[in-house]
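Everything below concerns the one structure shown next.
Residue numbers (the numbering used here): -2 to 175.
And the structure:
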């Protein structure tokens, strides 16, 4: 079974050398991995809720799309169990576009026949990540004031699936004056 490389090798933000073009011969990356985040907006999107809760990282880093998807699943599961399907709007604010590459190096018997060393070391795509700066919003839950504690608990659960420390901020929206 193929094993993923530890994420600390990709956690820091660096300039992308992963150009994607609609013309295949102009692309640095020939194949783009599929995005595993199935939905970016969930819940009741037609309502305008008076309060929202944001999940914000304390440091700048890259987050693998699999950890965002698992955080989304745990948060939405708690929200649907306690509030129901229509009492909130959940939104993932960042889109994964940063392609991660790996130059697999083999060791052991027969490795010299498979490996090219550092020749042709650009690597093959292994996944996609989100680049996020400290203080930017990653996830937002908008809901009624009586459900704010459930939304905070849901985002705390989602933060436990991520590779760094986060804080949760509650925002009160001002009513629109017409």
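Where is the CB? At the ideal position from N, CA and C, for every residue including glycine.
### Task
For the beta strand (DSSP E) containing residue 169, list its first residue and its last residue.
Your numbering for residue 169 matches position 172 in the chain shown. Segment 163 to 169, the beta strand (DSSP E) holding residue 169.
### Query
From residue 62 to residue 32, what does the alpha carbon distance come to, in whole angstroms?
Position 65 of the chain shown, counted from the start, is the residue given in the question as residue 62. Position 35 of the chain shown, counted from the start, is the residue given in the question as residue 32. Those two C-alpha atoms are separated by around 8 Å.
### Message
Is it buried or exposed, residue 164, if we count other Cβ atoms within 10 angstroms and call 16 or more buried?
### Response
In the chain shown, counting from the first residue as 1, residue 164 sits at position 167. Classification for residue 164: exposed.
### Message
I want to see whether chain D comes within less than 9 Å of residue 11, judged by CB atoms only; does it?
### Response
In the displayed structure, chain D is absent; only one protein chain is listed.
### Query
Anyone know if the C-beta pair for residue 45 and residue 131 falls short of 9 Å?
The sequence position of residue 45 within the chain shown is 48, counting from 1. The sequence position of residue 131 within the chain shown is 134, counting from 1. Against a cut-off of 9 Å, the Cβ pair of residue 131 and residue 45 comes out as no contact.
### Message
For the region 119 to 131 against the region 71 to 87, do three or more pairs of beta-carbon atoms, one drawn from each stretch, fall closer than 8 Å, so that the two count as touching?
### Response
no
### Task
May I ask which residues mark the beginning and end of the beta strand (DSSP E) holding residue 51?
Along the chain shown, one-based indexing puts residue 51 at 54. Here the beta strand (DSSP E) through residue 51 covers 48 to 54.
### Query
Among residues of its own chain, excluding the 5 on either side of residue 69, which ones have a beta-carbon nearer than 6 Å to its beta-carbon?
Reading the chain shown from its first residue, position 72 is the one you call residue 69. So no residue of the chain qualifies.
### Message
Given this structure, state the Cα-to-Cα distance separating residue 55 from residue 156, to the nearest angstrom.
### Response
As a first step, residue 55 is located in the chain shown; it is residue number 58 there, counting from the start. As a first step, residue 156 is located in the chain shown; it is residue number 159 there, counting from the start. Distance between the alpha carbons of residue 55 and residue 156: 11 Å.
### Limits of the beta strand (DSSP E) - the one that residue 124 falls within
Here residue 124 corresponds to residue number 127 of the chain shown, with the count starting at 1. It spans 121 to 129 - the beta strand (DSSP E) in which residue 124 sits, taken as one unbroken run.
### Message
Taking its Cβ as the centre, do 16 or more other Cβ atoms sit within 10 Å of residue 137, making it buried, or is it exposed?
### Response
In the chain shown, residue 137 corresponds to position 140, counting from 1. Its Cβ being crowded by 16 or more others within 10 Å, residue 137 is buried.
#### Entry: Selected residue, minimal CA-CA separation from residue 135, among 43, 48, 77 and 57
For this step, residue 135 is matched to residue 138 along the chain shown. Ranking the options by Cα distance to residue 135, first place goes to 57.
### Query
Cβ of residue 50 within 9 Å of Cβ of residue 154?
Position 53 of the chain shown, counted from the start, is the residue given in the question as residue 50. Position 157 of the chain shown, counted from the start, is the residue given in the question as residue 154. No, they are not a contact pair.
### Message
Rounded to the nearest angstrom, what separates residue 29 and residue 73 at their Cα positions?
### Response
Numbered from its first residue, the chain shown carries residue 29 at position 32. Numbered from its first residue, the chain shown carries residue 73 at position 76. So the alpha carbons of these two residues sit roughly 28 Å apart.
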